[in-house]
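**Q** Numbering (our numbering), first residue to last: 5 to 291. Note that CB positions come from ideal geometry on N, CA and C, so glycine has one too. All of these numbers come straight from a predicted model, not from anything done at the bench.
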Amino acid sequence: MPELPEVEALRTFLANTCVGRTIARIELAAFASLKTFEVPLSALHGLEVDGVERRGKFICISVGGLWLVFHLARGGWLTWKDAMPLRPARPGRGPLAARVVFDDDTGFELTEYGTQKRLALYVVTDLDKVPGIVTLGPDPMADAFTPDVLAGILDAAGRSQLKGVLRDQRTIAGIGNAYSDEILHAARLSPFKPASGLDAAERATLYEAIRTELAEAVGRSAGLAAKELKGDKKLNLRVHGKTGQPCPICGTTIAEVSFADSSLQYCPGCQTGGKLLADRRLSRLLK
C-alpha cells in the first residue's frame, strides 16, 4: 500500500508533469472506483491542471476550480505514459481502473491488482466533500505536528495499542502498515504497548522516530519516477516484510504477528525485551 512518502513522491511527480496540461478525456474502466456523481468526469474535459496537493494518502489534482481526487488503497498504483493507448479503456476484469489523457496524448493510468477493489476516485468542487479527507488527523510532516500534538493523541488513545494508533488515519494522516513498523522499530517500542503508557522519554523518542523515518523516506523518494518508488521502498525497510531475517541493528531474528488480512513485523531484541508477541491468528486456531 502506498503510504505518505510514496504518495508525496507521486504528488511531486504529477505537479512537475501535469500542471499546465489540459485534460482531453478521462476513461473509466472500473465503475465501482468512482465514488461521486454530482460532478461528472466529463466536467474535467478541456480544463487545465493548475496544482497537485496531498491530503494523507489522497492525491488531489486541482483542475479549473474542480478537484480530481484519488486514493490508491492497498493494491493501487499510478503509471505515467508518454503515449496513451489508441483504444479507449473498457470495463473488464483487468487491473485498469481509470485513464487520464491529456491533449498532447500523454497521461497516466490508475490500476489496482488483487481481489479487494478499494481504489477510490472522486470529482468534487471542494475537498471537504471527500469523506476520507474530512476525517483525517494531522499530517505528521506538517510544522503544526508538534510533540504536544502527539502527546494529546497518545493521551486520547488511552489503552489502544501503538501500532493501531499510528495506522488510524483519523488520528494521524498518512502512516500505514509498513512505516508504522519502521517507526516503532526506530523508537524501540512494542507495537502492542498502550499509547497512554509511554513515559516522557518514550514520547519524545516516538515523536523523533515519526518525523525522521518519514522525512528520510520522502527524501529518498524525491526525484524517482513512479515506477521506481515501490522497489526503493522495499529496499530501505528494516523490519517490515523481513520476517525471519536478522535485525540490522541487533541481529535478532525479525518476528511477525499475523491478523486476518495483514501482518506486522518487529524485532524482539530491539522492541520487546526478547519476548515474542502472541500471533493473534494462531491463538484463535488453538482455542
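1. Does the separation of the CB atoms of Ala226 and Thr16 fall below 8 Å?
2. Exposed or buried, which one is Gln275 when buried takes at least 16 other CB atoms within 10 Å?
3. Which class does Cys64 belong to by DSSP, given the choice of helix, strand or coil?
4. Measure the Cβ-Cβ separation of Leu72 and Gly178 and say whether it is below 8 Å.
5. Is it buried or exposed, Ser194, if we count other Cβ atoms within 10 angstroms and call 16 or more buried?
6. Give the straight-line distance between the Cα atoms of Ile157 and Leu170, rounded to the nearest whole angstrom.
7. Can you tell me the Cα-Cα spacing of Leu218 and Leu154, whole angstroms?
8. Counting pairs of Cβ atoms below 8 Å between the segment 20–36 and the segment 199–211, do you hit three or more?
9. For Thr216, does the three-state DSSP call read helix, strand or coil?
10. According to DSSP, is Phe196 part of a helix, a strand, or is it coil?
11. Tell me whether the beta-carbon of Val134 lies closer than 8 Å to the beta-carbon of Phe62.
12. Which residue marks the beginning of the beta strand (DSSP E) containing Gln269, and which one marks its end?
13. For the candidate residues Ala160, Ala182 and Asp159, whose alpha-carbon lies nearest to that of Lys167?
14. Pull up the CB-CB distance for Glu116 and Leu123, whole angstroms please, since I reckon it's below 8 Å.
15. Out of Ile137, Phe196, Leu48 and Thr257, which has the shortest C-alpha to C-alpha gap to Arg163?
16. Opposite Pro250 in the DSSP bridges: which residues?
17. May I have a chain-ordered list of the alpha helix (DSSP H) segments no shorter than 4 residues that lie completely inside the segment 167–197?
18. From Val67 to Asp265, what distance separates their C-alpha atoms?
19. Could you compute how far the alpha carbon of Ile137 sits from the alpha carbon of Glu12?
20. Kindly indicate which three-state DSSP category Arg224 falls into: helix, strand or coil?
21. Are the segment 46–59 and the segment 74–92 touching, with three or more C-beta to C-beta distances below 8 Å?
22. Have a look at Leu32, Trp81, Pro44 and Phe41 and flag the residue whose alpha-carbon is nearest the alpha-carbon of Glu232.
23. Can you tell which of Leu280, Val43 and Ser37 has its C-alpha closest to the C-alpha of Thr129?
24. Provide the residue span of the beta strand (DSSP E) that contains Gly80, from first to last.
25. Contact check, Ala47 vs Pro95 under 8 Å by CB: the rounded distance?
26. With a threshold of 6 Å on Cβ separation, who are the neighbours of Met5 within its own chain once the five nearest residues in sequence on each side are excluded?
27. Among all the DSSP beta bridges, which residues are the ones paired with His75?
28. Would you identify the three-state DSSP class for Leu38, choosing helix, strand or coil?
**A** On the basis of the coordinates in this document:
1. yes
2. buried
3. strand
4. no
5. buried
6. 10 Å
7. 15 Å
8. no
9. helix
10. coil
11. yes
12. Ser267 to Tyr270
13. Ala182
14. 4 Å
15. Phe196
16. Thr257
17. 181–191
18. 36 Å
19. 15 Å
20. helix
21. no
22. Trp81
23. Val43
24. Gly80 to Lys85
25. The pair is not a contact, with the Cβ atoms about 21 Å apart (cut-off 8 Å).
26. Arg78 and Gly180
27. Phe62 and Ala124
28. strand
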